[in-house]
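According to this note's numbering, the sequence shown holds residues 40 to 337 in order. To start, the structure itself, in structure tokens.
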Amino acid sequence: MSVKGYVMQLQPFSVNDGDGIRTTIFLAGCPLRCKWCANPEGFSRKTLVGWYQRKCIGCGKCAAVCPKGIGINLNEEREKCVACGKCTQVCPTNARCFMVHEVEADQVLEDIQKHRLFYTMSGGGITFSGGEATGQPEFLNYLTERIYDMGYSMTIETCGYFDFESVRESLERMDLIFMDLKHMDSEIHEKYTGVRNEKILENLKKLQDMPGEVVIRIPVIGGVNHDEDNIRRSAAFVHTNIPKAKMELLPYHNFGMIKYEAIGRPFQQEKFYRPSVEEMDHLRKIVAEEGVELADFR
40 MSVKGYVMQL QPFSVNDGDG IRTTIFLAGC PLRCKWCANP EGFSRKTLVG WYQRKCIGCG
100 KCAAVCPKGI GINLNEEREK CVACGKCTQV CPTNARCFMV HEVEADQVLE DIQKHRLFYT
160 MSGGGITFSG GEATGQPEFL NYLTERIYDM GYSMTIETCG YFDFESVRES LERMDLIFMD
220 LKHMDSEIHE KYTGVRNEKI LENLKKLQDM PGEVVIRIPV IGGVNHDEDN IRRSAAFVHT
280 NIPKAKMELL PYHNFGMIKY EAIGRPFQQE KFYRPSVEEM DHLRKIVAEE GVELADFR
């Protein structure tokens, strides 16, 4: 029997999160609250309708069908929204749309099969991302077990903050595991993400025993974790505890800004900045100096 889960989107033809052409499944529900998050709609596991004001033409069709009497500006009355989706069915510009929806796992499997030719011909496969890919262990296990039997390559992206045993079997099916390492200082980590990093560091160590390839990713945030000391300590930790792993440094971006508008949350990332190309090259050199091989999936 299929299980249900909360999905932000299925993105076909992805080429940045693993080899070849892939379908990325964005699973909702994340225990972190990173202040630079690009996918804020994925914080919780519940159905969510968004409203893109810049797309709205003010036709009023959404208001006409809303059973709760919500007007055109969804964000002014968001507390009334039950995410029934009636407004998304009549909006002519997709200004109203599901940002998180509940789906049957078997429907996800059916959808990814539509692109199987691209996986086969390009050496691609399926990537689980988020939100947080490990936030729905039963849903993840159901999907990975069946995709494994289909013979497709699988990759997972995770923040690392999870109960390892609840997702061990899913991780063991992965050909590639991306796990974040946002800061080595636990207090600073908590300040910017809402949680301390001890659980993440312990889970990182356990990746050494996973059969697949491992890449430790640092989202390099100017003003937070881009200092030389943190990068060197991070690389030294990886070299000592996960010697088989590579590292990838990803510069900060604010591409998720429009999503904050859509869900009515304030966008407050002004103090963060994208390190320069020269700074990123310098930090990658530090990683190499610590004996860790660099990866690049951009």
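A virtual CB, placed ideally from N, CA and C, is assigned to each residue, including glycine. These numbers were taken from a predicted model, which means no experiment stands behind them.
DSSP places residue 48 within a strand segment (E or B) once states are collapsed to three. Its Cα nearest to that of residue 287, the residue 219 stands out among 150, 228, 219.
Taking a C-beta distance under 8 Å as the contact criterion, residue 144 and residue 181 qualify as a contact pair. Annotated three-state conformation of residue 53 is strand, per DSSP. In this model, residue 327 and residue 108 are separated by some 58 Å (Cα to Cα). The C-alpha of residue 193 lies about 10 Å from the C-alpha of residue 62.
In this structure, residue 139 and residue 67 form a Cβ contact; the two beta carbons are roughly 5 Å apart against a cut-off of 8 Å. Between the segment 95-103 and the segment 128-139, the count of Cβ pairs shorter than 8 Å is three or higher; the stretches touch. Remark: fewer than three beta-carbon pairs, one from each stretch, lie closer than 8 Å, so the segment 245-257 and the segment 304-314 are not flagged as touching. Taking C-beta separations shorter than 7 Å and ignoring five residues to either side along the sequence, the partners of residue 123 in its chain run 106, following chain order. Taking a C-beta distance under 8 Å as the contact criterion, residue 59 and residue 161 qualify as a contact pair. For the options 146, 43, 86, the alpha carbon positioned closest to that of residue 117 is the one of 86. In this structure, residue 270 places its C-beta atom within 8 Å of the C-beta atom of residue 325.
Between residue 46 and residue 64, the C-beta spacing is below 8 Å. DSSP, reduced to helix, strand and coil, places residue 155 within a helical segment of the structure shown.
Residues of the same chain with a CB within less than 7 Å of the CB of residue 130, apart from the 5 flanking positions on each side, are 100, 101 in chain order. The Cβ atoms of residue 254 and residue 334 lie closer than 8 Å to each other. The three-state reading of DSSP puts residue 206 in helix, counting H, G and I together.
Collapsing the DSSP output to three states places residue 62 in a strand. As far as DSSP is concerned, residue 225 takes part in no beta bridge. Around residue 174, the same chain offers 66, 67, 68, 69, 70, 84, 201 as residues with beta carbons nearer than 8 Å, after the five sequence neighbours per side are excluded. Of the candidates 141, 88, 146, 155, the residue whose Cα lies closest to the Cα of residue 128 is 88. Between residue 155 and residue 183, the beta carbon gap of about 16 Å keeps them out of contact (Cβ cut-off 8 Å). Rounded to whole angstroms, the gap between the alpha carbons of residue 112 and residue 119 is 12 Å. The Cβ-Cβ distance between residue 230 and residue 262 does not fall below 8 Å.
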